[in-house]
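First residue of the sequence shown? That's 1 in my numbering, and the numbers climb one at a time after it. Backbone N, C-alpha and C define an ideal beta-carbon position, used for all residues, glycine too.
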Amino acid sequence: MTESGERTRSHWWWRPGWRQGRSSYTWHFLVGDHPALREFAARLHPHLDEAGVYDPIPFQWLHMTLQDVGFTDEVSDEDLTAISTAVAERVASLPPVSVELGPAVVGTEGVYLPVRPADPVAAVRRGIRESIARVRGNDHVPGTGDGFHPHVGLAYANTSGTPLAPIRKALSRHAEIVPITLTRVSLIDLNRDEGMYQWTLITAPPLGG
């Protein structure tokens, strides 16, 4: 999600490689079970509904994206198992990550909570990327190691062209900071056919063993 821009842009355009019926393996921090985050999201949801241009993210689908592995039809079962093992070994050497979420930012494609400090989350992501490279090679690690800005989305824009200024003004009253501790990473089979990100959990190795 991006901050710049004065009007909404629908989040639900098809990114390269995505199409109806296709899923992707990816690593996330799943954060929907954190009570403080759920309470904050619940307070914000009525305002998001009132704006009329957002799909608020249901609690169970709240997440922090870390690193894609690849589309499910392009990653073999053997590679996925090897990556899962490599990541589990790597994150076992990293401590749990305590971060603060917020204040909420109204970007062009949605409303999200920045994550601070970003460095410990980036270190986990770096370990995942190195684990994927160990199994599949550097050329098969999606994305780049730079420009990572961890965040937790609260809602996605479903309409383009709506002015953001009044939405930003309304949400500026909700400047809370939400502290959470991240204790495990999750490998998921991610799908977006239903107009939201949904997944099946594959494995969730803990940080710090």
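Terminal residues of the alpha helix (DSSP H) in which residue i lies
{"i": "serine 131", "result": "119-136"}
{"i": "alanine 165", "result": "165-171"}
Residue range of the unbroken beta strand (DSSP E) whose run includes residue i
{"i": "aspartate 55", "result": "54-56"}
{"i": "aspartate 68", "result": "63-71"}
Residues bridged to residue i [DSSP beta-bridge criterion]
{"i": "glycine 110", "result": "Tyr156"}
{"i": "aspartate 263", "result": "Nothing can be reported for residue 263: it is not among the residues displayed for the chain, which extend from 1 to 209."}
{"i": "valine 87", "result": "DSSP lists no partner for valine 87."}
{"i": "serine 98", "result": "Thr181"}
{"i": "glutamate 9", "result": "Looking at the sequence shown, residue 9 is not glutamate but arginine. In the DSSP output, where bridge partners are listed per residue, arginine 9 has none listed."}
{"i": "histidine 45", "result": "Answer is none; histidine 45 lacks a bridge partner."}
{"i": "proline 151", "result": "The sequence as given places histidine at residue 151; proline does not occur at that position. Per DSSP, Pro114."}
Backbone secondary structure at residue i - three-state DSSP
{"i": "threonine 26", "result": "strand"}
{"i": "threonine 203", "result": "strand"}
{"i": "glutamate 214", "result": "Outside the shown range of the chain, which is 1 to 209, sits residue 214, and nothing can be said about it."}
{"i": "arginine 116", "result": "strand"}
Nearest-angstrom Cβ-Cβ length linking residue i and residue j, presumed shorter than 8 Å
{"i": "threonine 31", "j": "isoleucine 188", "result": "Looking at the sequence itself, residue 31 is valine, so the reference to threonine does not match. Rounded, the Cβ-Cβ distance is 13 Å, inconsistent with contact."}
{"i": "valine 99", "j": "valine 124", "result": "Rounded, the Cβ-Cβ distance is 11 Å, inconsistent with contact."}
Near the ligand ATP: residue i beta-carbon under 7 Å from a heavy atom
{"i": "isoleucine 202", "result": "Judged by which ligands are present, the structure shown has none, so any question about the ligand ATP falls away."}
Specify whether the segment 60-76 and the segment 22-29 touch according to this definition: at least 3 beta carbon pairs, one from each stretch, less than 8 Å apart. yes
Hey, is the segment 160-172 in contact with the segment 121-141, meaning 3+ C-beta pairs nearer than 8 Å? no
Would the segment 195-205 count as touching the segment 58-68 if we require 3 or more Cβ pairs under 8 Å? yes
Determine contact between the segment 88-101 and the segment 199-208, defined as no fewer than three beta-carbon pairs at a distance below 8 Å. yes
For the segment 4-20 and the segment 152-170, state whether three or more C-beta atom pairs, one from each stretch, are separated by less than 8 Å. yes
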